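Following: one structure in structure tokens, then a few remarks.
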Amino acid sequence: MKINKNTDCDILVIGAGLAGYIAAARAADLGLKTIQAGNSSALFLASGLFDLLGVFPIDSGKIVTHPYSAIKQLQSDQIYHPYSKTTPDQIKKGFQFLASFLDSAELKYSRPGANNKQILTSLGTFKPTYMVPETFSKGCSLDEKNLLIVDFKGLRGFSARQAASGLGRKKGKIHTLTIDLPENNGSLNPVHLARSFENQEFIQRLADKLSMFSGKADIVGLPGICGIHNSLEIVKSLEKRINMDVFEIPGMPPSIPGLRLKNTFEKKLSDLNVSFLSNAKIVFHAMEKDHFILQAVNDNFETRIKARGVILASGRFPGGGLFARRGIILETVFDLPVFQPETREMWHQLNFFDAKGHQINQAGLETDNRFRPLDKTGKPAFENLYAAGSIIAHNDWTRLKSGTGVSCVSAYTAVNSFYKKNV
Amino acid sequence: MHKTMETDVLVIGGGVTGTGIARDLSLRGVQCILIDKSDLNAGASGGNHGLLHSGARYVGSDPEAAVECKNELGILKNNAGHCIEDTGGLFIAVKGDDEKYIADFPGMCEKSGVYCKKIDPALARDMEPVLSKDIIAAYQVNDASINPFKISIENMNDAVLRGSQFLSFCKLIEFKMINHSIEYAGIINENNGETFQIKARTYVNASGAWAGMIAAMAGITINMVLSKGTLLVTSKRMTKRVINRLRKPTDGDIIVPGGVVSIIGTTSIRVDSPDHIYPTINEVDQIIDEGGRIIPDLKTCRYIRAYSGARPLVSEGKIGDDRSVSRGFTLRDHKMDGADNFITITGGKLSTYRLMSEKASDLVCWKHSIFSKCLTKEIPLPSTKSGEWSEPGMMATEPGMSKNFNDPILCECEMVPQSAIDTIVSSIKQAGGKPNLTSLALRSRIGKGPCQGAFCSLRIFSHLYDSNVLKDHSDITNLKGFLNERWKGEKSLLWGQALAQSSLKEMIHSGLFGLELIENKN
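As given, the protein sequences belong to chains A and B, one line each in that order.
Take the first sequence: its letters are residues 170 to 592, numbered as in the working numbering.
Take the second sequence: its letters are residues 2 to 523, numbered as in the working numbering.
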């Protein structure tokens, strides 16, 4: 038997990626009664880095150092891009809100400044990004320092040698070390390994191993697995014991920094009385006067939700916000019109790494300047329906390195404008 | 001064025929060097159904080929059983199919001596529940499925064991001709750019679809007709048996099980060059629509990837459907063309590769005045460790799997452990090849599951750095190359779940790692 419930709220957020969490955070912050529904494992895939605009123009492959001036250029070149519906000031405010929200929940990020950072990845590439977790930040300036990179036997997809290979022209010395833990029986589960870091004894054992590099290295790079909770304290405690700087290196999923984000949002949002319907499929029924009537369904419950406003942050194809049949792309909750290439032939380029990106990544919802999705006639489909994050069209965030920026500004702006209009 | 290698026979082309010749000659005590400009099975040998024909498909169009298929099937089942799954096959006709062809089929089979047994359509659906309700006729035949990668690896491994050599990524750049004979072959090693020479008594052109280009280097014209065939891989195995559409051979009418997947195809499109061919969206749609007539689930199931091969057919000057150009093979002694020590073997099909190798080897021996008997009919093809991981669905529970628990699984879709990667790496090194993702992918199932390399590529790549197989950051272009090779087979099949998966791959490899920003080597 499924449990049937009725509930109502000011705002329903559909989606539990970064855009959904930011929308829920802003709504709760403004005192709105908020429900969030979504698949809670999405952030396991997020690197934990917050991008704003890392590459522009898209096919130039040019790395952006000053993102706000590049955004001004983008606004005049690409009038349909979500950034062109807002202002640099608004984008920055969104990031400031995000940083202080996470800060209040004890997850420290670097401040939203004027410049991008370049961060070393596990592949040995350098990624342009905007804000990084404090535990990552010392990895953004390695040039002169003598460096030690550490990997763990059995932790798949992270090789110290590989990360170091990207530092060819660095001035300081580079050392690598592989640690074979007694708890390794074939492969190390990154979540278990991260939990081990929360144990003082483990940190001391690790410190003992690292101290043989004392004098040889100034700074130590570890995979991004230094604890799930209190990672900054853990890193600081390790630094103190070995008397060297320590930083984390971002790598492939499953991502512990993404898990930290998820945990932090969940905890803080639940403190702020946001209710969460996990892994529920959302079905839109009808409008009842000015209210959306929707249903959240999963194996255990069916909840009828009456909401004044909806933030659609359901993502693109991996998130399930968009779904592609053999010839057409559909929006899955409201069946909104989806901007898309004319034929399937045009969806993808022949080269996976084509500098222009794939046209299908331009697909999504067209919105007005308040991020309200448009209907076929070009008017907002619903007075109080907003889109946030990657579901918005004209936004190839993987190439532009702009995922968090778009999510943040759209979620922040959408909730603000709902609030302004309705409260 | 260039380095010069000497050998009895230089075989050009590392497909099933070339590796088959290398083994055949090695068994007769003739030493070979086999070169390939890419790697094993990089051409049509790696781009086919993996179908071992019983002959029934050819009884109408090419009875001679039907008989060859029938005979070879018996030999290979006995001698290379570990590369074959004896699935049996069905020929199925549905409403609207040509009734005359259906009526003539058993008689044509009988004429070629090819086994076929009429069965009740209801029984056919009992045997293979996914078959359409619209079946009007069904015949049971002896088709089987064969792993062409394994066949080539095992043939080459055995040849190497017997003193021959395999050089991957070594491309022929010239034949030095003196007095109607090839003096030496000029070769470039594409891995390091070095050039060298190979001096052989006889040069064998077994380069499949590239045979025309290779022959042209000796000033000889072969009129090749290249016909692109595209195939799709389903994410699950659809049937126990090989399913053929009972009609005159055309597009989208064969479904072959291969381990845990099924392969459906094919198309036939004339192409000018065997290089850079890839499946198009039109072909994919056509195959799905046609295949859906006999197995309706093919219209809704998930596909893993598509791939294309170029059938090397030798034109006999007729114009028409490429399927009517003989699928029989061509063996030519170029003595009559002015190159005494040069032969070409091309055309043919996977099912008759052994016979082709035998005939080519016979000709080589005859030219060398060696009187020897072909032994590949009698001596079974040995099974080696490095061949095992090319098997679809080779799982952790099967023999050959490392019993060592301290052995992380690097490719989770296909359950390939680190120890398997290490084994294949050392076999590539022994053969003088360059171990990297691309060469590993040709010898194992890595990247061939639903994630299409999104995760395993990174895990295996970092393991290669970790174990010092790769050292330079510039090798990162190999990761790009590997993912792009996967991409060629994915892009025409991206909708539904597969599209979500490929988006995720782009999020990781472009969004996080920025691989598109890295300059490609050369």
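Just so it is clear, CB atoms sit at the ideal spot from N, CA and C, and this is done for glycine as well.
Treat the numbers as computed from the prediction; the structure is a model and nothing was measured.
query                                                                                                                                                                        : result
Nearest-angstrom Cα distance between Lys472 (chain B) and Ser291 (chain A)?                                                                                                  : 14 Å
When you compare only the Cα positions, how much space is there between Lys172 (chain B) and Ala340 (chain B)?                                                               : 20 Å
Report yes if the CB atom of Asn206 (chain A) is closer than 8 Å to the CB atom of Ile191 (chain A), and no otherwise.                                                       : Checking the sequence, you will find Ala at residue 206 (chain A) rather than Asn. Cβ atoms of Ala206 (chain A) and Ile191 (chain A): not closer than 8 Å.
Once the 5 residues before and after Phe270 (chain A) are set aside, which same chain residues still bring their CB inside 6 Å of it?                                        : Ala194
Whole-angstrom Cβ separation of Thr439 (chain B) and Phe483 (chain B), contact assumed at under 8 Å?                                                                         : 5 Å
Grab the span of the beta strand (DSSP E) containing Pro258 (chain B) for me, first residue to last.                                                                         : 255-259
Could you name the residues of the stretch 349-363 of chain B whose beta carbon sits closer than 9 Å to any beta carbon of chain A, in the order they occur along the chain? : none
Taking Glu417 (chain A) as the reference, which of A:Gly490, A:Gly393, A:Asp440, A:Phe434 has the closest Cα?                                                                : A:Gly393
Please classify Ile248 (chain A) as buried or exposed, where buried requires at least 16 other C-beta atoms within 10 Å of its C-beta.                                       : exposed
Hey, how far is the Cα of Pro419 (chain A) from the Cα of Lys314 (chain A)?                                                                                                  : 19 Å
Is the Cβ of Asn520 (chain A) closer than 8 Å to any Cβ of chain B?                                                                                                          : yes
For Ala397 (chain B), which of helix, strand or coil comes out of DSSP?                                                                                                      : Below a pLDDT of 50, predicted positions are generally treated as unreliable, and Ala397 (chain B), at 38, falls in that range; the measurement from the model is reported next regardless. Three-state DSSP puts Ala397 (chain B) in coil, outside helix and strand.
Comparing the C-beta of Leu292 (chain A) with each C-beta of chain B, is any distance below 8 Å?                                                                             : yes
Any C-beta of chain D within less than 9 Å: which residues of the stretch 390-404 of chain A qualify?                                                                        : In the structure shown, chain D does not exist; the protein chains are A and B.
Quick one: grab the DSSP three-state call for His369 (chain B).                                                                                                              : coil
For Phe197 (chain B), would you say it is in contact with chain A, using Cβ-to-Cβ distances shorter than 8 Å as the test?                                                    : no
Could you compute how far the alpha carbon of Lys119 (chain B) sits from the alpha carbon of Ser62 (chain B)?                                                                : 20 Å
Could you tell me which residues DSSP pairs with Asn245 (chain B) in its beta bridges?                                                                                       : B:Phe92, B:Ile255
Nearest-angstrom Cα distance between Ser236 (chain B) and Thr385 (chain B)?                                                                                                  : 27 Å
Among B:Lys112, B:Glu486, B:Thr353, B:Gly75, which residue has its Cα nearest to the Cα of Asp276 (chain B)?                                                                 : B:Glu486
Comparing the C-beta of Gln287 (chain A) with each C-beta of chain B, is any distance below 8 Å?                                                                             : no
Counting only the same chain and skipping the five closest in sequence on each side, list residues whose C-beta sits under 6 Å from that of Ile270 (chain B).                : Lys229
So if DSSP puts Pro392 (chain A) in a beta bridge, which residue, or which two residues, is it bridged to?                                                                   : A:Ile418
Give a yes or no on whether 8 Å exceeds the smallest Cβ distance from Lys4 (chain B) to chain A.                                                                             : no
Taking Cβ-Cβ distances shorter than 8 Å, what residues in chain B pair up with Asn448 (chain A)?                                                                             : Near Asn448 (chain A) there are no residues of chain B at all, since even the closest Cβ is about 16 Å away, more than 8 Å.
Pro419 (chain A) CB to nearest chain B CB: under 8 Å?                                                                                                                        : yes
Under 6 Å Cβ to Cβ from Glu535 (chain A), same chain only, skipping five residues before and after it: list those, please.                                                   : Phe508, Leu543, Ala562
Just checking my contact of Asp338 (chain B) with Glu291 (chain B) at CB under 8 Å: how many whole Å lie between their CB atoms?                                             : Incorrect: roughly 41 Å between the Cβ atoms, too far for contact.
Near Asn180 (chain B), what residues of its chain come up, given a Cβ to Cβ distance below 6 Å and the 5 sequence neighbours on each side ignored?                           : none
Does Ile282 (chain B) come within less than 8 Å of chain A when only Cβ atoms are used?                                                                                      : yes
Name the residues in the stretch 535-568 of chain A whose C-beta lies less than 8 Å from a C-beta of chain B; which are they?                                                : Trp566, Thr567, Arg568
Give the interface partners of Leu187 (chain A) over in chain B, defined as CB-CB distance under 9 Å, in chain order.                                                        : Under the 9 Å cutoff, chain B gives no residues; its nearest Cβ is about 12 Å from Leu187 (chain A).
Please report the distance separating the alpha-carbon of Ser356 (chain A) from that of Pro409 (chain B).                                                                    : 5 Å
Are any of the Cβ atoms in chain A nearer than 8 Å to that of Ile507 (chain B)?                                                                                              : Looking at the sequence itself, residue 507 (chain B) is Glu, so the reference to Ile does not match. Output row for Glu507 (chain B): interface = yes.
Which residue wins for smallest C-alpha separation from His474 (chain B), given the options A:Cys577, A:Val360, A:Leu289?                                                    : A:Leu289
Could you have a look at His235 (chain A) and say whether DSSP puts it in helix, strand or coil?                                                                             : coil
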